[in-house]
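Peer 1: Would you mind keeping the following structure in view while I ask a few things?
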Amino acid sequence: MKILVCISKTPDTTAKIAFADGGKKFEEAGVQWIINPYDEWYSLVRAIELKEKDPATIIHLVTVGGADAEPIIRKALALGGDEAIRINTDSSDSFYIAAQIAAVAATEKYDIIFTGKETIDYNGASIGGMIAALVDAPYISLATSFLIEGSTATITREIEGGEEVVTVNTPVVVSCQKGVAEQRIPNMRGIMAARTKPLKVLEPAAEEHLTSIESFELPAPKAGVKLVSPDNIDELVRLLHEEAKAI
Amino acid sequence: MVLVYIDHQDNQIKKSTLEAVTYGVALAKQLGTEAHGLVLGNVNDDLAALGAYELKNVYQINDVALAHFDAQVFVKTIAAAATKVGATTLVFSHNQTGKAVCAGVSALLKAGLVTGAIELPKTDAGFVVKKTVFSGKAFANVSIQTAIKIISLSPNSFHTTTGAAATASITPLDIPVSAGHVKVSAVNKTSGEISLTEADIVVSGGRGLKGPENWGILLDLAKELGAATACSRPVGDAHWRPHHEHVGQTGVQVAPNLYIAIGISGAIQHLAGVNRSKTIVVINKDPEAPFFKAADYGIVGDAFEVLPKLTDAIKKMKASA
Chain A
1 MKILVCISKT
11 PDTTAKIAFA
21 DGGKKFEEAG
31 VQWIINPYDE
41 WYSLVRAIEL
51 KEKDPATIIH
61 LVTVGGADAE
71 PIIRKALALG
81 GDEAIRINTD
91 SSDSFYIAAQ
101 IAAVAATEKY
111 DIIFTGKETI
121 DYNGASIGGM
131 IAALVDAPYI
141 SLATSFLIEG
151 STATITREIE
161 GGEEVVTVNT
171 PVVVSCQKGV
181 AEQRIPNMRG
191 IMAARTKPLK
201 VLEPAAEEHL
211 TSIESFELPA
221 PKAGVKLVSP
231 DNIDELVRLL
241 HEEAKAI
Chain B
1001 MVLVYIDHQD
1011 NQIKKSTLEA
1021 VTYGVALAKQ
1031 LGTEAHGLVL
1041 GNVNDDLAAL
1051 GAYELKNVYQ
1061 INDVALAHFD
1071 AQVFVKTIAA
1081 AATKVGATTL
1091 VFSHNQTGKA
1101 VCAGVSALLK
1111 AGLVTGAIEL
1121 PKTDAGFVVK
1131 KTVFSGKAFA
1141 NVSIQTAIKI
1151 ISLSPNSFHT
1161 TTGAAATASI
1171 TPLDIPVSAG
1181 HVKVSAVNKT
1191 SGEISLTEAD
1201 IVVSGGRGLK
1211 GPENWGILLD
1221 LAKELGAATA
1231 CSRPVGDAHW
1241 RPHHEHVGQT
1251 GVQVAPNLYI
1261 AIGISGAIQH
1271 LAGVNRSKTI
1281 VVINKDPEAP
1291 FFKAADYGIV
1301 GDAFEVLPKL
1311 TDAIKKMKAS
1321 A
């Protein structure tokens, strides 16, 4: 079995979000970078678990990014995976990114392609669906559990107000979220091994950008909290009803 | 033409779809064109009643392969339909179904996609859509450069408006539908619960409630308000509440009219999942809890005393209204 895990570099969940150049650019100064949590905690760890059960499994990691993405892909390799591919380009356009990964997938013929349900920076939730359409494979979104027996995967996915269990034969593209696996911490052996794992750098395929970010904005600051005494709950209800018109 | 994807579940058109219809109709007016709906499969709900949202016509594709959801099949069918009817802008809700299909349609049509839009695009020069980024901590204005454009609308960001009762025409659309590869073997609905992402009011509990056995007072309040229930990450991780109730950066992101946080300190990751709520009420006995900085109204007090009183006060208000 051959698995591709898509890895994205994102700012840490506690990073202060600010913009430079009059809102044109994300302010990178002082920002800690991490593996997108959905890519790391769920897709990558699940792929590693599948390899632990079946050591013949091959795991490739792929990221689309410049040289500054290398520490992130090395960190992912320290958790697990056999080799990594970095496609040497960057973009905020999901289609451009997905088309780069689909080009790799077209030659490598993976049985499973895992993505996170979204990245925590652009919140596009699009890469998995686009790759699936480009390689013409079934797509299972928002998975909360992934099991495989032979070439048949049994996947639980989130639907509105509940979950649905589906079965599908590989190849399949799956976007993962909480429930698929549990977060792991890389150990020293993994970190040492990651240094010598192959990291291939590919130049990007000629693909189109369909969108571009014009500018960023921060939300308007809150006016400040109105405190109500716990002995005067009727006043809170009145404010919610008359002032906020929320109930 | 603006084509709005009409999503349905259990023979009901979803509330998030009605928001997408309202958005699509408003966008069509702005662009000086017409809005039509597109429904896949059979739905035992009153499609013609969508006319009240000023939708003139709904295209319907009926095929046995559409009886259950398979993203690959739906994507191909929607893309073929959009091409056949000459749609220039497609609108989806950014709900579970929208997330499963809109990206694939974008890739097949090579149509630029913005997911999680929160307002109508600016179309005076170009086509620029505002969306949330960094999990609600900021917004981005994204320009779509392709002839066909696709928008998925963030739930609860655009209010539905209806005009006078009117009837939308239903036009069957003949599109060949390929057989799918996905089999649905079970559906587990948490019956009777209000869907978290669609709810107008969300009542959410944290570690301050001390244990799952104490959730009764929160559930009473939620029931009185007709609210969905949610929880913080530690509560989900400790299995006090089901995982799907976890709101925050790595859980569900919500944007209700009213979010009531009880015994939640307000870590930055939790705020990322709720900061698009219109009104936030925080109840916490710790006056230093960071959540108060993000709140509109706050009560510094013991949840075990405040909650029953709040439920009673709402009952009283409703009785006198």
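If you read the sequences in order, they're chains A and B. Numbered per the working numbering, the first sequence spans residues 1 to 247. Numbered per the working numbering, the second sequence spans residues 1001 to 1321. Where a beta carbon is used, it is the ideal one built from N, C-alpha and C, also for glycine.
(1) With 16 as the cutoff for other CB atoms within 10 Å, does I185 of chain A come out buried or exposed?
(2) Is G1346 of chain B close to chain A, meaning its C-beta is less than 8 Å from at least one C-beta of that chain?
(3) Rounded to the nearest angstrom, how far is the Cβ of L1218 of chain B from that of I247 of chain A, given a contact under 8 Å?
(4) In terms of alpha-carbon separation, which member of A:L61, A:D54, A:M130 lies closest to S43 of chain A?
(5) Give a yes or no on whether 8 Å exceeds the smallest Cβ distance from P138 of chain A to chain B.
(6) For the segment 120-138 of chain A against the segment 226-244 of chain A, are there 3 or more C-beta pairs whose distance is under 8 Å?
(7) Does DSSP classify N1057 of chain B as helix, strand or coil?
(8) Of all the beta strand (DSSP E) runs that stay within the bounds of the segment 1066-1147 of chain B, which reach a length of 3 or more residues?
(9) For a cutoff of 8 Å on Cβ pairs, would you count K178 of chain A as touching chain B?
(10) To test your reading of the DSSP string, which unbroken alpha helix (DSSP H) runs of 4 or more residues are found completely within the segment 119-179 of chain A?
(11) Taking the alpha carbon of L1038 of chain B as the point to measure from, which residue in B:L1271, B:G1024, B:K1278 has its own alpha carbon closest?
(12) Rounded to the nearest angstrom, how far is the Cβ of P37 of chain A from that of T63 of chain A, given a contact under 8 Å?
(13) So, with DSSP's three-state summary, where would you put A84 of chain A?
(14) Per the DSSP calculation, T10 of chain A is bridged to which residue(s)?
(15) Does the beta-carbon of L61 of chain A, which I'm using as the reference point, lie nearer than 7 Å to any heavy atom of the ligand SAM?
(16) Going along chain A in order, which residues have a C-beta closer than 9 Å to the C-beta of S1143 of chain B?
(17) Using a Cβ-Cβ distance cut-off of 8 Å, determine whether V1039 of chain B contacts chain A.
(18) Restricting to Cα atoms, I'd like to know which of B:L1055, B:N1042, B:K1293 is closest to K1029 of chain B.
(19) DSSP three-state call for T1161 of chain B: helix, strand or coil?
(20) Beta carbons nearer than 7 Å to chain B: which residues of the segment 100-123 of chain A have them?
(21) Could you pull the DSSP bridge partners for G1298 of chain B from this structure?
(22) Could you list which residues in chain A have their beta carbon closer than 8 Å to that of T1190 of chain B, in chain order?
(23) Who are the Cβ neighbours of Q177 of chain A in its own chain at under 8 Å, not counting the five residues just before and after it?
(24) Report yes if the C-beta distance between G23 of chain A and F146 of chain A is below 8 Å; otherwise report no.
(25) Once the 5 residues before and after R154 of chain A are set aside, which same chain residues still bring their CB inside 6 Å of it?
(26) Taking the alpha helix (DSSP H) that S1320 of chain B falls in, what are its first and last residues?
(27) On the DSSP letters alone, give me the boundaries of the beta strand (DSSP E) that Y42 of chain A sits inside.
(28) If I1262 of chain B sits next to I1283 of chain B, beta carbons under 8 Å apart, how far is it from one beta carbon to the other, in whole angstroms?
(29) Could you name the residues of chain A that H1246 of chain B contacts, counting a contact when the two beta carbons are closer than 8 Å?
(30) Given a cut-off of 8 Å, decide if I58 of chain A and A82 of chain A are closer than it, judged by their beta-carbon atoms.
(31) Can you confirm whether S1320 of chain B, when its beta carbon is compared against all beta carbons of chain A, has any partner nearer than 8 Å?
(32) Interface residues of chain B around E158 of chain A at Cβ under 8 Å?
(33) Relative to the C-alpha of H1159 of chain B, which residue among B:I1194, B:Y1053, B:T1123, B:D1174 is closest?
(34) Do you know how far the Cα of V1105 of chain B is from the Cα of I1078 of chain B?
(35) Return the bridge partner residues of G1172 of chain B from the DSSP annotation.
(36) Measure the alpha-carbon distance for V228 of chain A versus E235 of chain A and round it to whole angstroms.
Peer 2: This is what the structure gives:
(1) exposed
(2) What the structure shows of chain B is the stretch from 1001 to 1321, and residue 1346 of chain B is not part of that stretch, so it cannot be assessed.
(3) No, L1218 of chain B and I247 of chain A are not in contact; Cβ-Cβ is about 16 Å, not under 8 Å.
(4) A:L61
(5) yes
(6) no
(7) strand
(8) 1089-1093, 1112-1117, 1128-1133, 1138-1144
(9) yes
(10) 127-135
(11) B:G1024
(12) In fact, because the Cβ distance is near 15 Å, the residues do not count as touching under 8 Å.
(13) strand
(14) A:I34
(15) Summarising the ligand content, the structure contains no ligands, and the ligand SAM is consequently not present.
(16) T211, S212, I213, E214
(17) no
(18) B:L1055
(19) coil
(20) I120, D121, Y122, N123
(21) A:L227, B:V1282
(22) G161, G162
(23) Y38, Y42, G116, K117, L142, A143, T144, E158
(24) no
(25) Looking at the sequence provided, one finds Thr at residue 154 of chain A rather than Arg. The residues are L147, T167.
(26) 1303-1320
(27) From DSSP, Y42 of chain A is part of no beta strand (DSSP E); its letter is neither H nor E.
(28) 5 Å
(29) K178
(30) Checking the sequence, you will find Asp at residue 82 of chain A rather than Ala. Yes, Cβ-Cβ distance for D82 of chain A and I58 of chain A is below 8 Å.
(31) no
(32) Q1096, H1244
(33) B:Y1053
(34) 7 Å
(35) The sequence given here places Pro at residue 1172 of chain B; Gly does not occur at that position. DSSP, once it has assigned bridges, lists B:Q1060 as partnering P1172 of chain B.
(36) 7 Å
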